[in-house]
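**Q** Just passing along the structure, written as structure tokens.
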Amino acid sequence: MNTIQNKYYFQALDNFPYNMEDTMEALNYALSYDPNQADCLCLLARVYAEVLNDYTTAKEYFERAMASNLHCISLYPPYIECLLWNEDFQEAEKLIHFALTVKGVDKAAIYNKKSLWYEYQRDYKNALKAIDEARLHTYTQSFMSHLDDRAKLIKQKEKKVNKKQRNSK
Numbered sequence: 001m002n003t004i005q006n007k008y009y010f011q012a013l014d015n016f017p018y019n020m021e022d023t024m025e026a027l028n029y030a031l032s033y034d035p036n037q038a039d040c041l042c043l044l045a046r047v048y049a050e051v052l053n054d055y056t057t058a059k060e061y062f063e064r065a066m067a068s069n070l071h072c073i074s075l076y077p078p079y080i081e082c083l084l085w086n087e088d089f090q091e092a093e094k095l096i097h098f099a100l101t102v103k104g105v106d107k108a109a110i111y112n113k114k115s116l117w118y119e120y121q122r123d124y125k126n127a128l129k130a131i132d133e134a135r136l137h138t139y140t141q142s143f144m145s146h147l148d149d150r151a152k153l154i155k156q157k158e159k160k161v162n163k164k165q166r167n168s169k
């Protein structure tokens, strides 16, 4: 990324997701300098996934970002989340396994996404194991608290499922 492109990318990032008009304007300027810049494409994909709920278009931009730079570590957590929202579970599973091999990636965030993947499958036991793995890679109290809350939620779901199974017998 060149200096001017950085300026526009950071403006877009600063405005996202609260001021979408300024986000898109800055992002379009940034992409005009290099239409294949991975961080910019990733942010554009997030706009489509998180704001517009257009997961198909978001996936296209995430794929372009990956093709441009496989080592763009900021793209893996939101891309995995997009795949989960779109119920592309096999793709999400493959991406999770790949992301864990990328040097520098936030492994705690990826293991958290892995726990979400298990949760979507209603495999609560493995979801909790993934949370435990995420805890080993967490280095901030705020993310640790987030993981604790996720573990509580998963345990509540697990109890409900177990209770329903006992009642149906």
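FYI, the UniProt record's numbering numbers position 64 of the sequence shown as 64, with every residue one higher than the one before it. Cβ coordinates follow ideal geometry from the N, Cα and C atoms, glycine included.
Using a Cβ-Cβ cut-off of 6 Å (strictly less than) and excluding sequence neighbours within five positions of P78, which residues of its own chain qualify?
**A** Only R46 meet the Cβ criterion.
**Q** Does the distance from the C-beta atom of I73 to that of V102 stay below 8 Å?
**A** Yes. Within cutoff.
**Q** For Q37, count neighbouring C-beta atoms within 10 Å of its own C-beta (all shown protein chains included) and say buried if the count is 16 or more, exposed if not.
**A** The residue is buried, with at least 16 neighbouring Cβ atoms inside 10 Å.
**Q** Between Q156 and chain C, is the shortest Cβ-Cβ distance under 8 Å, so that the two count as touching?
**A** Checking the listed chains, one finds no chain C in this structure; it contains a single protein chain.
**Q** In chain order, what residues of the same chain have a beta carbon less than 7 Å from the beta carbon of Y55, not counting five sequence neighbours either side?
**A** Once the five neighbours on either side are set aside, the close Cβ partners of Y55 are A49, C82, W85, N86.
**Q** With DSSP as the reference, label R150 as helix, strand or coil.
**A** It is helical.
**Q** Residues in its own chain within less than 8 Å of C42 by CB, not counting five upstream and five downstream?
**A** Once the five neighbours on either side are set aside, the close Cβ partners of C42 are Y61, F62, A65, C72, S74, L75, P78, Y79.
**Q** Find out if the Cβ-Cβ distance for the pair K113, H137 is shorter than 8 Å.
**A** No, these two residues do not count as a Cβ contact at 8 Å.
**Q** Here's a check: name, in chain order, each residue in its chain whose Cβ is nearer than 8 Å to the Cβ of I131, leaving out the five neighbours to either side.
**A** Counting only Cβ-Cβ distances below 8 Å, and skipping sequence neighbours, we find Y111, N112, S115, L147, R150, A151, I154.
**Q** Secondary structure at L116, three-state DSSP: helix, strand or coil?
**A** The answer is helix: DSSP assigns L116 an H, G or I state.
**Q** Confirm, please, whether the CB-CB distance from T3 to residue 175 is below 8 Å.
**A** Because residue 175 is not part of the residues shown, which for the chain are 1 to 169, the question remains open.
**Q** Starting from I80, trace the alpha helix (DSSP H) in both directions and tell me its first and last residue.
**A** Where I80 is concerned, the enclosing alpha helix (DSSP H) stretches over 76-85.
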